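Peer 1: Here it is, the structure in full.
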Amino acid sequence: MNSEKKFFSKIGFNYLILAIAAIIFQILIINIIGRTQPIYLNDINIITVISSICNYILPFPIFYWLMKRIDSEKLEKQSINIKTFISYTAITITLMWIGNIAGLIITNLLSGAIQNDIANPVQELINSTDLILNLIVISFIAPIFEEILFRKFLIDRTIKYGANVSIVLSAIVFALFHGNLNQFFYALLMGGFFAYIYTKTGKIKYTIILHIIVNFMGSVVSLFVAQAAMNIQTAITPIDAAILLIYLLILFSSFIIGILGLIKFRPKRLEIGLKTIFLNYGMICFIGFFIIEIIRQALF
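What follows is the structure, given as structure tokens:
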């Protein structure tokens with residue numbers, strides 16, 4: 000195995016260890032609580048907090064130590080103006096909806112083929128947990144940690160092989176790490192776009208803010224919109240009508256700006272081959288682990 004394959008193999012194993020560490024921490028904490036205060040395991044809000052701690056906070060020092068052993072490079076810092084940021088926001092929202100539609104089509108087709116409904120774990124979480132908890136965990140904690148884990152740590156170490164390599168790798172690792180088909184497609188598109196922004200600006204704050212915006216729309220705003228849509232079926236009120244109208248205007252304007260922004264992008268050749276990036280022991284193990292997880296989640 001050449002040096003480049005060894006490098007990407009190490010990256011793959013590090014992200015695999017991150018995933019396994021999160022699972023181990025979750026099993027340990029759930030078992031401890033189950034033995035001491037089992038009643039807490041019936042509370043979806045407590046389960047959500049435990050999941051957040053196990054997925055992000057507890058494995059973070061382990062992953063940080065692993066990635067610190069790989070040389071990194073500082074990206075050149077470049078600020079963007081408000082017009083560019085608005086365009087990036089519109090593109091993010093557009094990619095989110097394109098990815099969501101693709102995910103719905105694929106999961107519905109597969110559900111029919113396997114005669115089994117493929118659940119959307121995140122949507123179930125959003126609908127079941129407390130609104131404030133959604134705001135804290137999904138809209139703030141998840142974007143901050145995910146941008147650091149899947150953009151900064153990854154791109155700072157892979158940028159030496161070219162921005163396009165970093166973008167593709169970040170998108171695929173991020174999408175697979177979600178572990179389910181419903182999120183895979185929009186995570187793939189947005190992950191690639193966030194990676195592009197970070198390689199262009201060198202500032203992780205931009206992608207964190209964009210990630211917060213899109214998660215906030217999906218976890219908090221969507222609940223108010225869904226409730227307004229339900230209310231309006233029985234009686235039209237000015238507040239419900241205003242919520243739906245504002246939401247539709249935001250989506251429509253974002254879609255127009257987003258499509259116009261996406262037209263400017265042109266696919267570029269990778270600086271090194273896909274075989275070098277993905278056909279190595281670490282990446283094969285990482286990808287295989289999450290393919291099994293996606294299949295398990297779809298079937299059971």
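When you number the sequence shown by numbering that gives the first Met the number 0, it's gap-free, plus one each residue, and the end is 299. Note that beta-carbon positions come from the ideal geometry of N, C-alpha and C, so glycine has one too. It should be emphasised that the depicted structure is a prediction, and the values quoted were computed from it without experimental measurement.
1) In the DSSP assignment, find the unbroken alpha helix (DSSP H) run with Pro-142 in it and report its ends.
2) For Glu-146, which option in Asn-214, Phe-277, Val-220 and Gly-111 has the closest C-alpha, if you only look at C-alpha atoms?
3) Ignore the nearest five residues each way along the sequence and tell me which others in Gly-260's own chain have a CB closer than 6 Å to its CB.
4) Measuring only the C-alpha atoms, how far is Ile-61 from Leu-248?
5) Met-229: buried (16+ other C-beta within 10 angstroms of its C-beta) or exposed?
6) Going straight from the alpha carbon of Asn-41 to that of Arg-295, what length do you get?
7) Based on Cα-Cα distance, which residue from Gly-191, Asn-126 and Ile-293 lies nearest to Thr-47?
8) I'd like to check one pair, Tyr-205 with Ile-196: are the Cβ atoms closer than 8 Å?
9) How many angstroms separate the CA atom of Arg-29 from the CA atom of Leu-130?
10) Suppose the cutoff is 7 Å on Cβ atoms and the five residues either side in sequence are ignored; what does the same chain contact list for Asn-119 look like?
11) Pick helix, strand or coil for Ala-234, following the three-state DSSP scheme.
12) Measuring CB atoms only, is the stretch 157-171 touching the stretch 76-85, in the sense that at least three cross pairs come out at less than 8 Å?
13) At 4 residues or longer, and completely inside the stretch 74-133: list those alpha helix (DSSP H) runs for me, N to C.
14) For Pro-266, count the other beta carbons within 10 Å of its own beta carbon; 16 or more makes it buried, fewer makes it exposed. Which is it?
15) Can you tell me where the alpha helix (DSSP H) holding Leu-40 begins and where it ends?
16) For Ile-23 and Ile-203, what's the separation of their Cα atoms in angstroms?
17) Got a sec? Which residues, its chain only, sit under 8 Å from Ser-221 by beta carbon, not counting five neighbours each side?
Peer 2: In short, the structure shows the following:
1) That run of the alpha helix (DSSP H) goes 141-146.
2) Nearest C-alpha to Glu-146 among Asn-214, Phe-277, Val-220 and Gly-111: Asn-214.
3) Closer than 6 Å at Cβ, skipping near neighbours: Ser-86 and Ile-90.
4) Cα atoms of Ile-61 and Leu-248: separation of roughly 44 Å, rounded to the nearest angstrom.
5) Here Met-229 is exposed. Its C-beta has fewer than 16 other C-beta atoms within 10 Å.
6) Cα to Cα, Asn-41 sits roughly 23 Å from Arg-295.
7) Ranking Gly-191, Asn-126 and Ile-293 by Cα distance to Thr-47 puts Asn-126 first.
8) Cβ distance < 8 Å, so Ile-196 and Tyr-205 count as in contact.
9) Looking at the sequence provided, one finds Ile at residue 29 rather than Arg. The alpha-carbon atoms of Ile-29 and Leu-130 are separated by roughly 23 Å.
10) Correct list, in chain order: Asn-181.
11) In the structure shown, Ala-234 sits in coil (DSSP, three-state: anything other than H, G, I, E or B).
12) Note that the stretch 157-171 does not touch the stretch 76-85; fewer than 3 beta-carbon pairs, one per stretch, sit closer than 8 Å.
13) For the stretch 74-133, whole alpha helix (DSSP H) runs of length 4 or above, ordered along the chain, are 81-113 and 120-127.
14) That one is exposed.
15) Counting along the chain, Leu-40 falls outside any alpha helix (DSSP H), and DSSP gives it neither H nor E.
16) Here the C-alpha atom of Ile-23 lies approximately 29 Å from the C-alpha atom of Ile-203.
17) Correct list, in chain order: Ile-125.
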